[in-house]
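S.K.: Sequential numbering of the sequence shown, starting at 1, is according to the numbering used here. Ideal Cβ positions, reconstructed from N, Cα and C, are used throughout, including at glycine.
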Amino acid sequence: MKEVQTNDAPPPAGHYSQAIVHDGLVYVSGQLPIDPKREEKHVGSIEEQTEQVLRNLDAILKKANSDRDHVVKVTVYVSDIALWARVNSVYARFFGDHRPARAVVPTRELHFGFQIEIEAIAAVLDH
């Protein structure tokens, strides 16, 4: 197993890694809408929060030698299922024609009062 760490995504706030690569897969920990350059918690609209989370995911995938086209499974945690259509619109633009398996999990509250958290599993490019 190999731990993945990049300065282009927020550092872990607890005892976990940004991602782990094992047997040709990268397991990306849940990403929150935190801007790693400013260490700013992005509490704008759900669209802005989703975009920041997906930028963080992209950065970690790149560091792990993967990309969004190799994502096989995504879990989206959203604080209010009524936001889902807006999240899905940003998500669809991000992934384009690629449609990874996905679960959407409504949850009461997320860390720092955020509205969204996303974790993913992707194939590594050189495997």
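According to DSSP, residue 170 sits in a beta bridge with which residue or residues?
M.R.: For residue 170 there is no data in the structure shown, the boundaries of the chain being 1 and 127.
S.K.: Is residue 109 closer than 8 angstroms to residue 30 when the C-beta atoms are compared?
M.R.: No, Cβ-Cβ distance for residue 30 and residue 109 is not below 8 angstroms.
S.K.: I need the DSSP call for residue 111, collapsed to helix, strand or coil.
M.R.: It is helical.
S.K.: Below 7 angstroms CB to CB, which residues in the same chain sit around residue 70 once its five sequence neighbours on both sides are set aside?
M.R.: Cβ within range, chain order: 122, 123, 125.
S.K.: Please say whether residue 79 and residue 115 have beta carbons closer to each other than 8 angstroms?
M.R.: Going by C-beta atoms, residue 115 is nearer than 8 angstroms to residue 79.
S.K.: Can you tell me the Cβ-Cβ gap for residue 6 and residue 81, rounded? I've got them flagged as a contact below 8 angstroms.
M.R.: So it is not a contact: roughly 31 angstroms between Cβ atoms.
S.K.: Nearest to residue 27 by alpha carbon, out of 9, 45, 49, 73?
M.R.: Closest option to residue 27, Cα to Cα, is 73.
S.K.: DSSP three-state label for residue 64, please.
M.R.: Three-state DSSP puts residue 64 in coil, outside helix and strand.
S.K.: Which residues bound the alpha helix (DSSP H) around residue 91?
M.R.: Its alpha helix (DSSP H) spans residues 84-95.
S.K.: Do residue 64 and residue 104 count as a contact pair if the criterion is CB distance below 8 angstroms?
M.R.: The answer is no: Cβ separation not under 8 angstroms.
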